[in-house]
Amino acid sequence: MPYGAYQRVRKRYIEEEVKNASPVKLVLMIYDLVIASLKKGDTVKARAGIRELIDSLDFERGGTLATNLLSLYEYALRQIHEGNLEEALNVIKPLRDAWEEAFFKKTSEESTEEVSEG
165 MPYGAYQRVR KRYIEEEVKN ASPVKLVLMI YDLVIASLKK GDTVKARAGI
215 RELIDSLDFE RGGTLATNLL SLYEYALRQI HEGNLEEALN VIKPLRDAWE
265 EAFFKKTSEE STEEVSEG
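Under the working numbering, the first residue of the sequence shown carries the number 165, and numbering increases by one thereafter.
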């Protein structure tokens, strides 16, 4: 398959994955984008991803958690601005892991409920 065709197929796959993803899965995808961008040194994409995470914060429902996440995201943005990509990664990676753990815990609980109801 020519490279251009591969890129088009890959783009369509990602678009479908995004359209069908749960809100938590979308957050995980953004974290993955930020982490990959930081590892590649792509500060533009990393900052854009973090801004997307900031925009998704719900301060009414999230309360203190949302405020704390905002502080961490802003710190990561400052670190990127100062060229400390490793420090930004050290902030973002544990947050991503926590979201993943929460996602799998919720998914597991939902599966258990379906089995017990069935």
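Even glycine gets a Cβ: it sits at the ideal position worked out from N, Cα and C.
Inter-residue CB distance, L253 and I199 (contact presumed, cutoff 8 Å): As a first step, residue 253 is located in the sequence shown; it is residue number 89 there, counting from the start. As a first step, residue 199 is located in the sequence shown; it is residue number 35 there, counting from the start. About 7 Å; that satisfies the 8 Å criterion.
Assigned secondary structure, S220 (DSSP; H/G/I helix, E/B strand, else coil): Position 56 of the sequence shown holds residue 220. S220: coil per DSSP, three-state reduction.
Option nearest V208 by Cα separation, candidates I244, K269, K189, E265: The residue labelled residue 208 in the question sits at position 44 within the sequence shown. Here the closest residue by C-alpha is I244.
Distance between R215 and F223 (C-alpha atoms, nearest Å): Counting from 1 along the sequence shown, the entry for residue 223 is found at position 59. Counting from 1 along the sequence shown, the entry for residue 215 is found at position 51. Approximately 15 Å, taken between the alpha carbons.
Through-space distance from N248 to Y239, alpha-carbon basis: Taking the first residue of the sequence shown as position 1, residue 239 is located at position 75. Taking the first residue of the sequence shown as position 1, residue 248 is located at position 84. Straight-line Cα distance between these residues: approximately 11 Å.
G168 in three-state terms, based on DSSP: As a first step, residue 168 is located in the sequence shown; it is residue number 4 there, counting from the start. In this structure, G168 counts as helix in the three-state DSSP scheme.
Short Cβ contact (9 Å threshold) for V255 with S220: Along the sequence shown, read from residue 1 onward, the residue named residue 255 stands at position 91. Along the sequence shown, read from residue 1 onward, the residue named residue 220 stands at position 56. Not closer than 9 Å, so no.
DSSP state of N254 mapped onto helix, strand, coil: Translated into positions along the sequence shown, residue 254 becomes position 90. N254: helix per DSSP, three-state reduction.
Presumed contact (8 Å Cβ cut-off) between Y195 and L259, rounded CB distance: For the purposes of this step, residue 195 is taken as residue 31 along the sequence shown, with counting starting at 1. For the purposes of this step, residue 259 is taken as residue 95 along the sequence shown, with counting starting at 1. About 7 Å separates the two Cβ atoms, so the contact holds.
Through-space distance from P187 to W263, alpha-carbon basis: On the sequence shown, residue 263 is found 99 positions in, with the first residue counted as 1. On the sequence shown, residue 187 is found 23 positions in, with the first residue counted as 1. Straight-line Cα distance between these residues: approximately 11 Å.
For Y237, the nearest candidate out of R225, G226, I218, E246 (CA to CA): Here residue 237 refers to the residue found at position 73 when the sequence shown is read from its first residue. Nearest option by C-alpha distance: I218.
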